[in-house]
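Q:
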Amino acid sequence: MRKVIVDLKERSYPIYIKSGIIGDIGLLCEKHSISKKVVLITDATVDKLYANGVACTLEKSNYQVVKIVVAVGEQSKSLETAEYIFEELIKNRIDRTATIIALGGGVIGDLAGFVAATYKRGISFVQIPTTLLAQTDSSVGGKVGINHRLGKNLIGAFYQPKFVLIDPVVLKTLDNRDVISGLGEVIKYGLIWEKKFFAKLEDNFNELKRISQLELYGEIIERCCSIKAEIVSRDEKETGLRTILNFGHTIGHALEAETNYQYFRHGEAVLWGMQAMSWLSTELDLLEMDDYNRIHHLLENMIEISLPSKLSARNILKTVYFDKKNIGNELQVVLLNGIGQALTKKNIEDKFILSAIKKIL
Numbered sequence: 003m004r005k006v007i008v009d010l011k012e013r014s015y016p017i018y019i020k021s022g023i024i025g026d027i028g029l030l031c032e033k034h035s036i037s038k039k040v041v042l043i044t045d046a047t048v049d050k051l052y053a054n055g056v057a058c059t060l061e062k063s064n065y066q067v068v069k070i071v072v073a074v075g076e077q078s079k080s081l082e083t084a085e086y087i088f089e090e091l092i093k094n095r096i097d098r099t100a101t102i103i104a105l106g107g108g109v110i111g112d113l114a115g116f117v118a119a120t121y122k123r124g125i126s127f128v129q130i131p132t133t134l135l136a137q138t139d140s141s142v143g144g145k146v147g148i149n150h151r152l153g154k155n156l157i158g159a160f161y162q163p164k165f166v167l168i169d170p171v172v173l174k175t176l177d178n179r180d181v182i183s184g185l186g187e188v189i190k191y192g193l194i195w196e197k198k199f200f201a202k203l204e205d206n207f208n209e210l211k212r213i214s215q216l217e218l219y220g221e222i223i224e225r226c227c228s229i230k231a232e233i234v235s236r237d238e239k240e241t242g243l244r245t246i247l248n249f250g251h252t253i254g255h256a257l258e259a260e261t262n263y264q265y266f267r268h269g270e271a272v273l274w275g276m277q278a279m280s281w282l283s284t285e286l287d288l289l290e291m292d293d294y295n296r297i298h299h300l301l302e303n304m305i306e307i308s309l310p311s312k313l314s315a316r317n318i319l320k321t322v323y324f325d326k327k328n329i330g331n332e333l334q335v336v337l338l339n340g341i342g343q344a345l346t347k348k349n350i351e352d353k354f355i356l357s358a359i360k361k362i363l
């Protein structure tokens with residue numbers, strides 16, 4: 003079993019990575035002294051695949067399980083869905099000793115974590131991510147939240163889980179778009195932190211797209227979690243270093259918002275956002291053309307969904323200014339000054355941002 007520790011002093015927690023480990027959820031809950039009443043929050047797709055198995059495993063360890071199922075997709079990251087879950091918790095008389103278990107992708111992790119952070123001023127929760135994106139990124143670090151019609155993740159908190167359980171076997175049930183979406187976040191780690199890791203992704207491109215080697219995926223997931231754990235341990239509340247994890251997300255979030263969160267999977271939008279920000283880094287003489295060409299080649303081969311023709315560069319720019327990373331009216335973006343080297347810059351003229359957006363349209 004692979005194990006990564008997110009070091010946050012008294013709020014530190016482990017990430018367990020192992021094929022088949024989802025069957026050990028009851029034992030791990032006991033190990034972490036999880037109280038005997040748990041709420042399993044999942045979506046309609048994951049419910050059919052894994053929820054009953056997880057619930058049965060928990061019940062064998064004498065856990066009382068309340069299951070709440072929400073609709074699939076980004077639209078569930080909303081105040082309306084959170085309110086529905088709150089109502090179910092109250093109806094089932096869930097008290098502050100209970101634990102929420104998030105079983106699903108990034109949407110479920112963010113939504114269930116937000117509910118856990120706010121219900122009765124906070125109850126404990128556990129993450130069982132079932133998508134590549136969630137396993138390598140969103141389930142680690144304690145960012146939880148929901149969307150607002152004016153922007154993505156504008157309502158939320160930093161709230162850490164008790165532990166994270168990652169089973170690479172569940173990736174076999176992902177469709178191709180979810181695999182590509184997850185690989186968008188995986189590539190990000192190589193671009194912002196580790197050139198050697200980026201090279202490994204280049205070398206194993208075909209195997210990664212097919213989910214053909216679970217051992218390789220175990221290594222990739224562990225490295226992504228380790229990188230994120232190190233960054234989060236040094237900057238939990240995103241006051242400095244952690245901002246670099248948003249590489250590609252400023253444009254990516256705007257693309258999602260401009261298409262009403264219905265066209266892109268999150269990582270697909272991030273792939274396009276990284277294309278734009280890599281080009282901007284080159285335009286600002288931060289990134290050498292040879293590095294840009296390597297990045298562009300990998301991203302271009304990874305992207306399988308085109309941008310809608312109706313998108314407007316100026317509308318995307320307007321949406322960018324609602325990004326939660328901005329300070330006042332000051333736009334803040336993450337750029338590259340080399341593969342494996344990221345930096346944050348402010349006060350970039352709109353004409354340069356527009357140029358980068360137009361480059362991908």
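For the sequence shown, my numbering assigns the number 3 to the initial residue and increments by one for each residue that follows. Where is the CB? At the ideal position from N, CA and C, for every residue including glycine. The structure displayed is predicted, hence computed values, not measured ones.
1) Spatial neighbours of Ala-382 within its chain, please: CB distance less than 6 Å, with the 5 preceding and 5 following residues excluded, ordered by chain position.
2) Pull up the DSSP beta-bridge partners for Ala-159, would you.
3) Let's test the definition: count the other Cβ atoms within 10 Å of the Cβ of Glu-12 and tell me whether it reaches 16, buried, or not, exposed.
4) Using 8 Å as the threshold, is the stretch 166-178 in touch with the stretch 21-28, meaning 3 or more CB pairs across them?
5) Check for me: the beta strand (DSSP E) holding Gln-277 runs from which residue to which?
6) Are the stretch 135-145 and the stretch 293-301 touching, with three or more C-beta to C-beta distances below 8 Å?
7) Figure out for me which residue from Phe-354, Leu-113, Asp-325 and Ser-283 has the closest Cα to the Cα of Leu-345.
8) Kindly indicate which residue of Thr-59, His-150 and Ile-36 has the alpha-carbon position closest to the one of Thr-321.
9) Measure the beta-carbon distance from Leu-84 to Phe-116 and round it to whole angstroms, keeping in mind my assumption that it falls under 8 Å.
10) From Leu-105 to Ser-14, what does the alpha carbon distance come to, in whole angstroms?
11) Suppose contacts are defined by Cβ-Cβ distances below 8 Å. Is Asn-317 in contact with Glu-240 by that definition?
12) What separation, rounded to the nearest whole angstrom, lies between the Cα atoms of Val-41 and Ile-222?
13) Could you check what DSSP says for Thr-44 in three-state terms: helix, strand or coil?
14) Please report the distance separating the alpha-carbon of Leu-337 from that of Met-279.
15) Closest to Thr-175 by C-alpha separation, out of Ile-157, Asn-206 and Thr-133, would be which residue?
16) Hey, which unbroken runs of the alpha helix (DSSP H) at 4 residues or more fall wholly within the stretch 37-121?
17) Are the CB atoms of Asp-45 and Val-71 within a distance shorter than 8 Å?
18) Rounding to the nearest angstrom, what Cα-Cα distance links Val-8 and Ala-231 in this structure?
19) Output the distance between the C-alpha atoms of Gln-66 and Ile-36, rounded to the nearest integer angstrom.
20) When DSSP builds the beta bridges, which residues end up paired with Gln-129?
21) Rounded to whole angstroms, what is the Cα-Cα separation between Lys-360 and Leu-313?
22) Quick check: the stretch 197-213 against the stretch 143-157, are there 3 or more CB pairs under 8 Å?
23) Just list the residues that DSSP pairs Gln-334 with in beta bridges.
24) Suppose contacts are defined by Cβ-Cβ distances below 8 Å. Is Ile-125 in contact with Arg-98 by that definition?
25) Assuming contact is defined by CB atoms lying nearer than 8 Å, are Lys-190 and Gly-250 in contact in what I supplied?
26) DSSP three-state label for Ile-305, please.
27) Go ahead and pull the three-state DSSP assignment for Lys-5.
28) Would you call the CB atoms of Val-48 and Glu-76 closer than 8 Å?
29) By the DSSP assignment, the beta strand (DSSP E) with Tyr-18 in it spans what residues?
30) Please state the DSSP three-state secondary structure of Gln-137.
31) Mind checking whether Tyr-18 and Phe-165 have CB atoms under 8 Å apart?
32) Does Gln-264 pass the burial test, meaning 16 or more other C-beta atoms within 10 Å, or should it be called exposed?
33) Which value, in whole angstroms, describes the spacing of the CA atoms of Val-6 and Ser-311?
34) Could you spell out where the alpha helix (DSSP H) holding Tyr-219 opens and where it closes?
35) Identify which residue in Ser-80, Lys-79, Ala-118 and Leu-333 has its Cα closest to the Cα of Ile-92.
A: Taking the geometry as given:
1) Given that the chain is displayed from residue 3 to residue 363, the structure contains no residue 382 and the question cannot be resolved.
2) Val-146
3) exposed
4) yes
5) Note, Gln-277: premise wrong, no beta strand (DSSP E); alpha helix (DSSP H) at 268-285.
6) no
7) Ser-283
8) His-150
9) It should be pointed out that residue 84 corresponds to Ala in this sequence rather than to Leu. Right, their Cβ atoms sit about 6 Å apart.
10) 21 Å
11) no
12) 30 Å
13) strand
14) 6 Å
15) Thr-133
16) 54-62, 81-93 and 108-120
17) yes
18) 5 Å
19) 11 Å
20) Ala-104 and Val-166
21) 10 Å
22) no
23) Lys-348
24) yes
25) yes
26) coil
27) strand
28) no
29) 15-19
30) helix
31) yes
32) exposed
33) 43 Å
34) 216-236
35) Ala-118
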